[in-house]
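In this note's numbering, the protein residues as written are 1282 to 1555. Ideal placement from N, C-alpha and C gives every residue a C-beta, glycine not left out. Since we're looking at a predicted model, the values are computed, not measured.
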């Protein structure tokens, strides 16, 4: 009985050694036949998809080979320990035969190299390092302690506190952004403290004008304010009795020059139109 147990242990040891040697040899063969690519330049999307299919097939065959050899070892151990089947169903020569057969079936693989953490690339699937793109999302939270953190990484007692702090931080960031935009808006804000009798220029509508017509025309006189943001203006000449209520965004202050300025658009057609 002791002799049979020793023989079974020796056969198991030889089977495991043959499996390890065959598996390592297969990986060396596949690695030697896989040319390296320095970068992803010049590779189209169709080539990426083809490389993904080839790589996926390679990993699938390697995984199936691993399972097959492990089953053979388990079957050999069961056969050695059982008196009903004294001869094992797996022989050490089968490992070399499987390696040679896998070498013939595995096609040539061309995978690009990636700049980054090797450990991170090893943890990803085959599709992600081949076809992944940079994320275009923008994080609302600017604080470093919230960047890249997940609820599952914290204890159940601190999850609610993390959500509360994140919500408060997001609200504060929105308010700070609002203040920054308000400062920019205030720099471009125009004062419209016009009084009766002030001379202003009017942003005349471009109906019937050509492209070389001036943007502002006038001067016109402020008659009175109408509401908070509108003014009533009139012409400074007797020939064109122009009278209209306009919004302050169409008015600009007029500064007198030494030479007299001739008022434009004094035709009867424009008077009748407005």
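**OP:** Work out the CA separation of residue 1454 and residue 1345 for me, nearest whole Å.
**Re:** 53 Å
Subject >> CB of residue 1535 within 8 Å of CB of residue 1493, strictly >> reply: no
**OP:** Take the Cβ of residue 1301 as the centre, count every other Cβ of all protein chains shown within 10 Å, and call the residue buried at 16 or more, exposed below.
**Re:** exposed
Original post:
When you compare each of 1499, 1452, 1330 and 1458 to residue 1484 by their alpha carbons, which one comes out closest?
Top reply: 1499
Original post:
Helix, strand or coil: which one does DSSP assign to residue 1515?
Top reply: strand
Original post:
Taking C-beta to C-beta, are residue 1477 and residue 1448 nearer than 8 Å?
Top reply: no
**OP:** Answer with buried or exposed for residue 1523, where buried requires no fewer than 16 other C-beta atoms within 10 angstroms of its C-beta.
**Re:** buried
**OP:** Please determine, among 1496, 1513, 1509 and 1495, the residue with the shortest C-alpha to C-alpha distance to residue 1502.
**Re:** 1513
Original post:
Using DSSP with H/G/I as helix, E/B as strand and the rest coil, what is residue 1484?
Top reply: strand
**OP:** Take the Cβ of residue 1516 as the centre, count every other Cβ of all protein chains shown within 10 Å, and call the residue buried at 16 or more, exposed below.
**Re:** buried
Subject >> Below-8 Å beta-carbon distance, residue 1447 vs any chain B residue >> reply: No chain B is present in this structure, which holds just one protein chain.
Original post:
Roughly how many whole angstroms lie between the Cα atoms of residue 1328 and residue 1339?
Top reply: 16 Å
Subject >> Three-state class that DSSP yields for residue 1493 in the structure shown >> reply: coil
**OP:** Tell me whether residue 1295 is buried or exposed, calling it buried when 16 or more other Cβ atoms sit within 10 Å of its Cβ.
**Re:** exposed
Subject >> Identified DSSP bridge partners for residue 1534 >> reply: 1481
Original post:
Which term fits residue 1441, buried or exposed, when burial requires 16 or more other beta carbons within 10 angstroms of its beta carbon?
Top reply: exposed
Subject >> Euclidean distance between Cα positions of residue 1456 and residue 1507 >> reply: 34 Å
Original post:
When you compare only the Cα positions, how much space is there between residue 1518 and residue 1510?
Top reply: 25 Å
Original post:
Which residue from 1347, 1335 and 1533 puts its Cα closest to that of residue 1497?
Top reply: 1533
Subject >> beta strand (DSSP E) segment containing residue 1527, residue limits >> reply: 1524-1528
Original post:
Nearest to residue 1351 by CA position, among 1298, 1335 and 1331, is which residue?
Top reply: 1298
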